[in-house]
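In the working numbering, the protein residues as written are 16 to 334.
Structure, as structure tokens:
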């Protein structure tokens, strides 16, 4: 598969540059929320929307419950709603992790706190979420006591959480890639005390984990962009060497793009070099999402100089 980069030259006011935010796409509209502009200080809960066709950002006028500011949360889309779970509060709040879930009805702009029962996951940050139909899946993340390798599923129909099997082959980690292809979930890389390059598949119909070992292998990294285009997993950028200052500093970031065809694993992870006059710069701690069937969109992230970016890029497939 061939790719080309296109920078979206946005007009008017745009969101503050940020990292550790969420980004979701519904009907060609991009939704960005939360994150940090200064290290370890959440920006707030304003929801920014981007219409890619007009290249205009605007602040969504929301109502309902007030959502506490956070960064390092996770999000997933079910229908016309965005669900966010967990995240981390600011330094002045002790950087406590959260275990709440909120739902944004994008048709009305209404926030509501989701009532949850069952085996509710413990508070966490730098975890990942993805949706499959009306089911939401949460993997891993960080707690005050360490990194997690657990997998949970939440029914948006019943409000019930269930804990799914874990795999001893997966070290607890934050900042992994996590997405779905068909009825299967994929965990890619992440940080487990060191940058990881392992890839694992969970079959939701069989409740079975499998490690995917390929040649070429996945190059170790964390806090990258990941999206599925058809049966292909596409990875963008990420941290390849952590900062000695932890979350307060910038690590070594990549601008590489890799893909894996899950229908033909024998081809392994392939590095692709996108075309385009404007290339996406190295970055980590950002979010990306599929945009239609043939593109991936990303916004912001952490730059090599530890500044927070406010640019928007589309990675298009080409024939």
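Glycine is no exception: its CB is placed at the ideal position from the N, C-alpha and C atoms.
Since the structure is predicted, the reported quantities are computational estimates derived from the model, not experimental observations.
If you measure between the beta carbons of residue i and residue j, is that distance less than 8 Å?
{"i": "residue 297", "j": "residue 319", "result": "yes"}
{"i": "residue 238", "j": "residue 273", "result": "no"}
{"i": "residue 215", "j": "residue 202", "result": "yes"}
{"i": "residue 188", "j": "residue 205", "result": "yes"}
{"i": "residue 306", "j": "residue 314", "result": "no"}
{"i": "residue 118", "j": "residue 104", "result": "no"}
{"i": "residue 120", "j": "residue 160", "result": "no"}
{"i": "residue 144", "j": "residue 182", "result": "no"}
{"i": "residue 213", "j": "residue 247", "result": "no"}
{"i": "residue 67", "j": "residue 93", "result": "no"}
{"i": "residue 291", "j": "residue 24", "result": "no"}
{"i": "residue 252", "j": "residue 240", "result": "yes"}
{"i": "residue 26", "j": "residue 71", "result": "yes"}
{"i": "residue 113", "j": "residue 303", "result": "no"}
{"i": "residue 331", "j": "residue 18", "result": "yes"}
{"i": "residue 167", "j": "residue 156", "result": "no"}
{"i": "residue 284", "j": "residue 232", "result": "yes"}
{"i": "residue 269", "j": "residue 236", "result": "yes"}
{"i": "residue 184", "j": "residue 128", "result": "no"}
Quick one: what does DSSP say residue i is sitting in, helix, strand or coil?
{"i": "residue 222", "result": "coil"}
{"i": "residue 95", "result": "coil"}
{"i": "residue 280", "result": "helix"}
{"i": "residue 57", "result": "strand"}
{"i": "residue 29", "result": "coil"}
{"i": "residue 74", "result": "strand"}
{"i": "residue 85", "result": "coil"}
{"i": "residue 321", "result": "coil"}
{"i": "residue 328", "result": "strand"}
{"i": "residue 105", "result": "coil"}
{"i": "residue 134", "result": "coil"}
{"i": "residue 194", "result": "strand"}
{"i": "residue 300", "result": "coil"}
{"i": "residue 68", "result": "coil"}
{"i": "residue 269", "result": "strand"}
{"i": "residue 233", "result": "coil"}
Between which two residues does the beta strand (DSSP E) harbouring residue i extend?
{"i": "residue 242", "result": "240-244"}
{"i": "residue 170", "result": "161-170"}
{"i": "residue 200", "result": "199-206"}
{"i": "residue 150", "result": "150-158"}
{"i": "residue 120", "result": "112-120"}
{"i": "residue 335", "result": "Beyond the ends of the chain as shown, which are 16 and 334, falls residue 335; an answer cannot be given."}
{"i": "residue 253", "result": "247-256"}
{"i": "residue 21", "result": "17-22"}
Does the Cβ of residue i have 16 or more other Cβ atoms within 10 Å, making it buried, or fewer, making it exposed?
{"i": "residue 293", "result": "exposed"}
{"i": "residue 178", "result": "exposed"}
{"i": "residue 76", "result": "exposed"}
{"i": "residue 148", "result": "exposed"}
{"i": "residue 101", "result": "buried"}
{"i": "residue 254", "result": "buried"}
{"i": "residue 69", "result": "exposed"}
{"i": "residue 122", "result": "exposed"}
{"i": "residue 180", "result": "exposed"}
{"i": "residue 282", "result": "exposed"}
{"i": "residue 210", "result": "buried"}
{"i": "residue 316", "result": "buried"}
{"i": "residue 326", "result": "buried"}
{"i": "residue 278", "result": "exposed"}
{"i": "residue 82", "result": "buried"}
{"i": "residue 221", "result": "exposed"}
{"i": "residue 171", "result": "buried"}
{"i": "residue 164", "result": "buried"}
{"i": "residue 162", "result": "buried"}
{"i": "residue 286", "result": "exposed"}
Could one say the Cβ of residue i lies closer than 8 Å to chain D's Cβ atoms, at least one of them?
{"i": "residue 329", "result": "The structure shown has no chain D; it contains just one protein chain."}
Exercise. Would you call the segment 51-60 and the segment 137-150 touching, i.e. three or more CB-CB distances under 8 Å?
Worked result: They do not touch, by the three-pair rule.
Problem set entry | the segment 151-159 in contact with the segment 183-193 per 3-pair CB rule at 8 Å | Flag = yes, the segment 151-159 and the segment 183-193 touch.
For this session: Spell out a yes or no on whether the segment 44-58 and the segment 16-33 are touching, meaning 3 or more CB-CB pairs, one atom from each, closer than 8 Å.
Result: Counting C-beta pairs closer than 8 Å gives three or more between the segment 44-58 and the segment 16-33, which meets the contact rule.
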